[in-house]
Structures are given as structure tokens and as C-alpha cells.
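Start counting at 1 in the sequence shown, then tack on 10, and there's your number in the working numbering. All residues carry an ideal CB built from backbone N, CA and C; glycine is no exception.
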Amino acid sequence: MMLPLLRSSALRKAPLAARNARLAPVAALGRRSFGGHGDPRGHLNPDGTRPEAEDIEDYHDPDPIDHTPRLNLVKERGQTFVVSGDPPKSYSQLWPGIAQKNVP
């Protein structure tokens, strides 16, 4: 009883697969657009030669340590502590737009 169902479903799928196989090359031509716009020789120099590959000559990566604030170190009782340059800010200074009224 299962065999006729399999055959009928296979027959229904066969024409669709055959139709897709015939249309695939035509559909592919409509979708291929890479490299289709602009100057086809735009990646070359005006004389037709390839541009020289870029190297990292004269490249400078800034050192983040040069842009950090100086630490205030305090040595006390044999231990070294870091003291902040500016005092801690209150809540209203950090977030001026958020009111703190009726807070339990």
C-alpha cells in the first residue's frame, strides 16, 4: 500500500525537478552581478601594471601607556596604595538627569 504513494509522490516531484534544471542556467545569469559594474580594469595602474602591495613601512601604533594619567602612589605601612587624583563623585554629579526623590 505504501509503494503506490511513493510512486505518486516521486512522479509529482520529477516534473518540478526537470523544470528547475532547465531554468537554472537562465536564473543564474540574472543573479550574477558581481564584477558587472564599474571599471573592469580599475584595480590596475593607468599603465596596466599591478599596484605595489602595501607594506607597513612608516606605520606607527601608539602606545596606550603614553596616554594614561600618572598614578599617585602612596607608600604607607610597607604597602603601596594608589590614590585617586579626583575625589569620588556623588550620584547627582554622575547622572544629573535622573532625579533621586522618594527613594526608600
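Proximity to residue i [Cα-Cα], best of the options
i   : options                : result
T78 : G95, I108, K99 and N55 : G95
A63 : G48, H53, D57 and P72  : H53
Residue i Cβ short of 7 Å to the ligand COA heavy atom set
i   : result
P74 : Judged by which ligands are present, the structure shown has none, so any question about the ligand COA falls away.
Simplified DSSP state of residue i, which is helix, strand or coil
i    : result
Q110 : coil
L104 : helix
L21  : Because L21 sits at a pLDDT of 49, beneath the cut-off of 50, its placement in the model cannot be relied upon, and the following sentence gives the value as read from the coordinates. Helix at L21.
Test item: CB-CB of residue i and residue j under 8 Å
i   : j   : result
S9  : Q89 : Absent from the structure is residue 9, since the part of the chain shown begins at 11 and ends at 114.
V92 : L83 : yes
Whole runs of the beta strand (DSSP E) within the stretch 58-103, excluding any shorter than 3 residues
82-86 and 89-93
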